[in-house]
Amino acid sequence: MTTQAVRGASHSIDPNLPILNVYTMQEHLNSFTSSETLISRLTYTFAMLAVLLCDRSL
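In structure tokens form, the structure reads like this:
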């Protein structure tokens, strides 16, 4: 279903209802998983840095 189809279906039910930011499920999942991936990569990077720094101090 395209954005225009969603807007048309909504307009036929309630013409005064504003439709903002229509996303596909794939776009929504991509935005969610990209932030989760970033957090996990940063956590991994800082954990490895901590292990390396700890190893050098011993």
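In the numbering used here, the protein residues as written are 93 to 150. We put the CB at the ideal spot given by N, CA and C, even for glycine. All of these numbers come straight from a predicted model, not from anything done at the bench.
Pick out whichever of 102, 146 and 94 has its Cα sitting closest to the Cα of residue 117.
In the sequence shown, residue 117 corresponds to position 25, counting from 1. The shortest C-alpha separation from residue 117 is found at 94.
Out of curiosity, what's the CA-to-CA distance linking residue 96 and residue 129?
Counted from its first residue, the sequence shown places residue 96 at position 4. Counted from its first residue, the sequence shown places residue 129 at position 37. Cα to Cα, residue 96 sits roughly 32 Å from residue 129.
What would DSSP say about residue 109, mapped onto helix, strand or coil?
Sequence index remark: in the sequence shown, residue 109 carries index 17 (1-based). In the structure shown, residue 109 sits in coil (DSSP, three-state: anything other than H, G, I, E or B).
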